[in-house]
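Q: Starting off with a structure, shown below.
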Ligand SMILES: Nc1ncnc2c1ncn2[C@@H]1O[C@H](COP(=O)(O)OP(=O)(O)OP(=O)(O)O)[C@@H](O)[C@H]1O
Ligand SMILES: [Mg+2]
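Residue numbers (the working numbering): 22 to 250.
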C-alpha cells in the first residue's frame with residue numbers, strides 16, 4: 022500500500038495575505054519503504070505530514086492512500102481511513118495518564134469494534150515487538166520517556182496501518198534510545214509493508230531510509246536515493 026502526494030500546495034491565513042507552507046510538493050512512497058523529510062525549522066515538514074494524514078486539506082493537489090484518492094471520500098470515510106489505515110507518531114507520545122500500556126493500544130481496537138480478547142492479544146504482541154514485554158500493566162508515569170515513545174509507536178501500529186507518519190520521534194531521547202527507535206520503525210516498515218514518512222533532524226538516521234527529500238521554504242528538492250540502496 023503506497024502513499025502518493027502529488028502537486029500539493031498548502032497556504033495558511035497570515036494577516037491580510039496567506040503564507041505558503043507547501044509549494045507544489047510531490048512525494049511518492051512505495052509500500053515497505055521509508056522516505057525521510059529533512060529541512061530547516063518552519064520549512065513545511067509537519068505540514069506535509071498533516072496533509073498526508075488527511076488532517077489538513079491542501080489548497081491544490083492529490084493525496085492518494087492505498088490507491089484511494091482522499092478528495093473523493095466523505096468526512097465519515099476519512100475518519101475511518103485515519104483510524105484504520107494511517108498510523109501517526111508525533112514528537113510527544115500523548116498517552117492517556119489513567120490507562121495502562123496495553124489499554125492505550127486496546128482503545129484503538131475498541132474504536133474499531135474488535136473483540137476485547139483479540140485486542141488484548143494484539144496489544145501484548147505489539148508491546149513485545151517494541152521491547153516492552155512485561156510492562157503492559159504500567160501507566161505512563163511509571164515508564165521512562167523512551168518507553169512511552171515506544172508505546173506511542175506500538176499504538177500507531179494497532180490497526181495495521183498502510184501509511185505510517187512519523188514526526189521527529191527521537192528528539193526527546195538520547196542517541197542510543199533514538200537509534201533503537203529508528204531501528205524499530207525500519208523493521209516495522211518492512212514487516213508490515215507500510216509507506217513510512219519520517220521527519221528527522223538526525224543525519225545518522227538517513228542511512229536506514231530509502232529516499233531523502235529536503236524541504237526548503239515549502240518546496241521539495243528532488244528526492245535523492247539513500248546511498249546504500
Ligand atoms: N496552523 C498554522 N497556521 C498558520 N501558519 C502555520 C500553521 N502551522 C504552521 N504554520 C507555518 O507554516 C510554516 C511551516 O510550518 P511547519 O510546522 O510545517 O514546519 P516544520 O518544517 O515542521 O518546522 P519544525 O522543524 O520547526 O517542526 C511555518 O512558517 C509555520 O509558521
Ligand atoms: Mg515540525
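Note that CB positions come from ideal geometry on N, CA and C, so glycine has one too.
Quick one: what's got a C-beta closer than 6 Å to residue 183's C-beta in the same chain, skipping five residues either side?
A: Result list for residue 183: 22, 87 and 106, in chain order.
Q: Check each candidate in 191, 37 and 43 and name the one with the smallest Cα separation from residue 239.
A: Ranking 191, 37 and 43 by Cα distance to residue 239 puts 43 first.
Q: Determine the closest residue to residue 114 out of 192, 142 and 28, with distance taken between C-alpha atoms.
A: Ranking 192, 142 and 28 by Cα distance to residue 114 puts 192 first.
Q: Which complete alpha helix (DSSP H) runs does the stretch 115 to 169 hold, if anything under 4 residues is left out?
A: Complete alpha helix (DSSP H) runs here, min 4: 122 to 132 and 137 to 150.
Q: Would you call residue 92 buried or exposed, if buried means 16 or more other Cβ atoms sit within 10 Å of its Cβ?
A: Counting Cβ neighbours within 10 Å, residue 92 comes out exposed, since fewer than 16 surround it.
Q: Under the DSSP definition of a beta bridge, which residues are partnered with residue 173?
A: Answer by DSSP bridge pairing: none, since residue 173 is not bridged.
Q: Specify, as a first and last residue, the run of the alpha helix (DSSP H) that residue 72 falls within.
A: Its alpha helix (DSSP H) spans residues 66 to 73.
Q: Would you kindly report the start and end of the unbroken beta strand (DSSP E) that includes residue 232?
A: 232 to 237 is the extent of the beta strand (DSSP E) around residue 232.
Q: Leaving out five residues before and five after residue 66 in sequence, what residues of the same chain have Cβ atoms less than 7 Å from its Cβ?
A: Here the set comprises 58, 60, 220 and 236.
Q: Leaving aside the five residues before and after residue 217 along the sequence, list all residues of the same chain whose C-beta is less than 6 Å from its C-beta, in chain order.
A: 55, 185 and 210, listed in sequence order.
Q: Using beta-carbon positions only, say whether residue 130 and residue 179 come within less than 8 Å of one another.
A: Yes, the pair counts as a contact, with Cβ atoms nearer than the cut-off.
Q: Give the residues whose C-beta lies closer than 5 Å to at least one heavy atom of ligand 3, in chain order.
A: Looking at this structure, you won't find ligand 3 anywhere; what it does contain is ligand 1 and ligand 2.
Q: Indicate the three-state DSSP secondary structure (helix, strand or coil) for residue 25 in the structure shown.
A: Here residue 25 sits in strand by DSSP.
Q: Helix, strand or coil for residue 55 per DSSP?
A: Reduced to three states, the DSSP call for residue 55 is strand.
Q: Is it the case that the CB of residue 188 approaches a heavy atom of ligand 2 more closely than 7 Å?
A: Within the cutoff, so yes.
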